[in-house]
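J.: Residue numbers (this note's numbering): 1450 to 1772. Using N, Cα and C, we set each Cβ at its ideal position, and we do this for glycine too. These numbers were taken from a predicted model, which means no experiment stands behind them. Below you will find the structure I want to go over with you.
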Amino acid sequence: MSKRIRQLLLLIEIMASDDELKDIYPISRRRTKAIKKVTDFYEVHRSTIPDIYIRRLGLGTDKFDDLLERFFQDRDKTLFQLLSQHGDAEDQAAIQSLIRDLTGPKIKLAPSILSADFSRLGEQVAEVTKAGADYIHIDVMDGHFVPQINIGAPVVAAIRHWTNLPLDVHLMIEAPERQINQFADAGADIITVHIETCPHIHRVVQTIKELGIKAGVSLNPGTPIDTLKEVLSSLDLVLVMSVNPGFGGQTFIEDTLDKITRLRVELDRRSLATELEVDGGINAETAPRVVGVGARVLVAGSAVFHSGQTVKEALAKIRASLS
Ligand code: DX5
Ligand code: ZN
């Protein structure tokens, strides 16, 4: 991205959400202060943000609030149109990739707390929330369907106090229908069951949805997508396992790419908005590959919590790999 675009985006963001500035009116005053912050941040002279952009973007006027609404909500291309007309060659190339990012599907990141430090679970959940996660992925294991036993509904209820993000609860348990009410009461927003544990999958999905919760179904690497065919249109989410469930830190199974491709084709063919989530071995190398074939929600445990970097840096690295 060119420096100019970075500066303009930062300027818009500061004007919209900087705690010290966001309520300052008239907007021209806010703009002056925001420009100062941007130029200080980049250690550049004021002239690097040309007035023509500021004027045309309406950054000095009360039109700014409208602009923001369009810019963030409707993904208005004002900035890009403007830079397309007036930007230099570097801007032009950067605009193309930005437009692709902004108009392309939004990819959600769902850190899996399985790899978090359980002795300070709340703090770790707060950290990933602050770092820009989209969901908190909670793996529940029963020692039957998968070898380990880890957490139950009371822990989900505790996590609920540490984040406002949707709690994406992945039940790797036998007879999940017996637990759905408890996880719903604990504050789950999405409950995903494994097709391999549900002979009566239709009923399970209906039960979840009647509680006002999004229903997901997961497939082990060895389970074909055809097993979902009859319930696909009722699902809010399909979770494709790209490792055999049960442990964090395993290697991504390459055959999953073909499975995701076929599932994406099927969802699009039926015009379904069902989220396609992938779980297991996701990192900055595999993330763009699964997104490239149609994944929209990425679960990552080790790559977020055991990367040797901060949680914030780790999430940013995965995000950057997608652009
Ligand atoms: C595995 C779990 C995953 C796990 C992923 O059974 O469902 O959510 O935490 O861990 P990584 O990202 O380390 O493969
Ligand atoms: Zn999981």
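DSSP state of S1665, grouped into three classes?
T.: Per the sequence presented here, residue 1665 reads as Gly, with Ser not at that position. Here G1665 sits in strand by DSSP.
J.: In terms of DSSP beta bridges, what is E1572 paired with?
T.: DSSP lists no partner for E1572.
J.: Hey, could you find the ends of the beta strand (DSSP E) D1588 is sitting in?
T.: Unbroken beta strand (DSSP E) run through D1588: I1585 to M1590.
J.: Give me whichever residues DSSP pairs with E1726 in a beta bridge.
T.: Its beta-bridge partners are L1688 and V1746.
J.: At what residues does the alpha helix (DSSP H) containing T1705 begin and finish?
T.: That run of the alpha helix (DSSP H) goes T1705 to R1718.
J.: Quick check on DSSP: helix, strand or coil for H1619?
T.: If DSSP states are grouped into helix, strand and coil, H1619 belongs with the strands.
J.: Can you give me the C-alpha to C-alpha distance between V1604 and W1611, rounded to a whole angstrom?
T.: The straight-line gap from Cα to Cα measures roughly 11 Å.
J.: Which residues share a DSSP beta bridge with V1642?
T.: Per DSSP, L1620 and V1666.
J.: Which residue marks the beginning of the beta strand (DSSP E) containing L1558, and which one marks its end?
T.: Here the beta strand (DSSP E) through L1558 covers K1557 to P1560.
J.: Tell me, which residues are paired with I1598 by DSSP?
T.: Note: I1598 sits in a beta bridge opposite D1591.
J.: CB of V1753 to nearest heavy atom of the ligand ZN: below 7 Å?
T.: Checking every heavy atom of the ligand ZN against the Cβ of V1753, none is found closer than 7 Å.
J.: Cβ of G1697 versus every heavy atom of the ligand DX5: is any distance shorter than 7 Å?
T.: Yes, Cβ of G1697 sits closer than 7 Å to a heavy atom of the ligand DX5.
J.: What does a CB cutoff of less than 6 Å around S1691 pick up in its chain, not counting 5 residues either side in sequence?
T.: Cβ within range, chain order: F1701, I1702, T1705, V1727, G1729 and G1730.
J.: Heavy atom of the ligand DX5 less than 7 Å from the Cβ of S1720, yes or no?
T.: False, no ligand heavy atom lies under 7 Å from that Cβ.
J.: Would you call the segment 1705 to 1721 in contact with the segment 1647 to 1662, where contact means no fewer than 3 C-beta pairs closer than 8 Å?
T.: Contact between the segment 1705 to 1721 and the segment 1647 to 1662 is absent, because fewer than three Cβ pairs lie under 8 Å.
J.: Below 7 Å, is the gap between the Cβ of V1748 and the nearest heavy atom of the ligand ZN?
T.: The answer is yes for V1748.
J.: Quick check: is any heavy atom of the ligand ZN less than 7 Å from the C-beta of S1691?
T.: Answer for S1691: no, Cβ out of range of the ligand ZN.
J.: Going by DSSP in three states, V1493 sits in which element: helix, strand or coil?
T.: Three-state DSSP puts V1493 in coil, outside helix and strand.
J.: Report yes if the C-beta of P1694 is less than 7 Å from at least one heavy atom of the ligand DX5; otherwise report no.
T.: Yes, since a heavy atom of the ligand DX5 falls inside the 7 Å radius drawn around the Cβ of P1694.
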